[in-house]
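Quick note on the working numbering: the sequence shown kicks off at -16 and runs consecutively. Notes follow once the structure below has been shown.
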Amino acid sequence: MNTIFSGIQPSGDLTLGNYLGALKNFIPFQDTHECYYCVVNQHAITVPQEPAQLHARTTELAAIYLAAGLDPNKATLFVQSEVPEHALLGWVMITTSYVGEMERMTQYKDKARKQGDSIPLGLMTYPPLMAADILLYQADLVPVGEDQRQHMEITRTLAERFNYRYGEVFTVPEMWAPKGGARVMSLQEPTKKMSKSDDNRTATIYLLDETDDIVRKIKRAQTDSESVIRYDKENKPGVSNLLSIHAAISGKSFAELERDYDGQGYGTLKKDVADLVVGELEPIRRRYHELVGSPELGRILDEGRDKAHAKASVTYRKAVEAMGLYR
Ligand code: ATP
Ligand code: LTN
C-alpha cells in the first residue's frame, strides 16, 4: 500500500481555504493508502507563539481532523513534537540544504518581510523540517494546497541529494493537489489567498464559524459590476472565487455552473454558495464540539504518536547509519 503524509500548522483558526485545499482531500486517501496526518506544531514556532495558545490550538486542530472525517482506525493522527525524529532528521536535512535555495523560497520571503530586522532563522530552515516530516514516513504522495508546490520541489531535491550522497534511503515523494487548483481567495480582496493570519475576519470563513456569520460574509463578498456569472480569474476574481468554492463542494465543473447560472444574479449565486458551505461545515462544527474536550481525543493522539514513532525511528536509523553517524 502506498503511503501518504501531510500536515497542518496549529498557527490560527482553520479557514475554508485550509479545508477545501487540504483537509477535505485527506479523508478519501485513508481507504486506499497508509496515511499519516500530523499537527505540525514545530513549524508553527518558526514565528513567536504564546505557549498556552499553542497548546490549546494543537488539540483543537487534532479534533478538527477527526471532525472532518479522519478515522483513527484507518489513518495515524499525531503531534509532530511528540515524535523526536522530526527534529533529528530536520537537522540532517538542514545540513543537506544550501542557503541560496532557502533564500529563494517565496513563503520565506513573504514571512521574513513581515518580521522587520530580526528574522527568525527557523523561517529559513522551515523547508528542510518539512522535508524531514515527509521522508521519515517514506511517503509516496503528499496532499497539499497549490501554495506548497515550491516546498514539495525542495523536498524532492533534498531526498535526491541525500540518496545520491549516501545511497538509496528515502522515497522521493510526489505532490498531490486538488484538481482545478482549489485555491480559495480572500472574500474581500479576491486576488489574495484566504489565510489564517488575515486580520480582516470578514474576508475569511473559519471552519468553526456559526451559520449566520458564514451567510453574512458570503453576502458581503466582493464581486464586480458586470452582473454576468462567468469563471474568469483575471477580470472577475470575486465571482470566480465564489464559483470555485461552489465547484469544490458541489463537484460541478465551471462550464456546468455557467450554464446553471445563465441569466441569474449574483444574489442567487451567493445564496447557493452560502447554503453549500453551511451544509458542509455545520456537521464538522457539531462533531468538533463533541470531541474537543473528550478523553478519547487524548487516547487517539497517544496511539498515533506510538505508531508514527515506530515508523519514523526505522527510517531515521537507516539515514544516520548511511551517513556514518551511528556507531
Ligand atoms: P498561514 O496563513 O499561517 O501561512 P495557512 O492558512 O497558509 O497559514 P497552513 O497551515 O500553512 O495554512 O496550510 C495548511 C494547508 O492548507 C496547506 O496544504 C495549504 O496549501 C492549504 N491552504 C492554505 N490556505 C489555502 C487556500 N487559501 N486555498 C487552498 N489551500 C490552502
Ligand atoms: N508547510 C506546510 C505544512 C507542513 C506540511 C508538512 C505539509 C509542514 N510539514 C509535511 C505536508 C507535509 C504548510 O501548509 N504551510
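Glycine included, each C-beta is placed from N, C-alpha and C at the ideal position.
### Continuous alpha helix (DSSP H) stretch holding residue 157: start and end
Run containing residue 157: none in the alpha helix (DSSP H); it sits in the beta strand (DSSP E), 157 to 159.
### Message
With distance defined between alpha-carbon atoms, name the residue in 87, 151, 110 nearest to residue 304.
### Response
Closest by alpha carbon: 151.
### Task
Can you list the residues near the ligand LTN, meaning Cβ strictly closer than 6 Å to any non-hydrogen atom, in the order they appear in the chain?
-12, -11, -10, -8, 23, 26, 113, 116, 117, 125, 127, 131, 134
### Query
Thinking C-beta only, is residue 95 closer than 8 Å to residue 104?
Contact flag unset, no.
### Query
What residues are listed by DSSP as bridge partners for residue -2?
189
### Query
Whose C-beta lies closer than 8 Å to the C-beta of residue 3 among residues of the same chain, with five residues either side of it excluded?
Take residue 3, set aside five residues on each side of it, and the residues of its chain with a beta-carbon closer than 8 Å to its own are 161, 165, 167, 228, 231, 232, in chain order.
### Task
May I have a chain-ordered list of the beta strand (DSSP E) segments no shorter than 3 residues that lie completely inside the stretch 77 to 137?
124 to 126
### Message
Please determine whether the Cβ atom of residue 165 lies at a distance below 7 Å from any heavy atom of the ligand ATP.
### Response
Correct: residue 165 has its Cβ closer than 7 Å to the ligand ATP.
### residue 105: CB within 7 Å of a non-hydrogen atom of the ligand NAP
In terms of ligand content, the structure shown lacks the ligand NAP and carries the ligand ATP and the ligand LTN instead.
#### Entry: Sub-8 Å separation of residue 53 and residue 44 beta-carbons
Not in contact: residue 53 and residue 44 (Cβ atoms no closer than 8 Å).
### Message
Under 8 Å: do the stretch 77 to 87 and the stretch 110 to 118 share three or more Cβ pairs, one atom per stretch?
### Response
The stretch 77 to 87, when compared against the stretch 110 to 118, does touch it at the 8 Å Cβ threshold.
### Message
Can you find the residues in the same chain that come closer than 7 Å, C-beta to C-beta, to residue 173, ignoring five residues on each side of it along the sequence?
### Response
Excluding residues within five positions, the ones whose Cβ falls inside 7 Å are 205, 220, 221, 224.
### Query
Taking the continuous alpha helix (DSSP H) assigned at residue 23, which residues delimit it?
First-last for residue 23: undefined, no H or E at that position.
### Query
Would you call the CB atoms of residue 139 and residue 127 closer than 8 Å?
no
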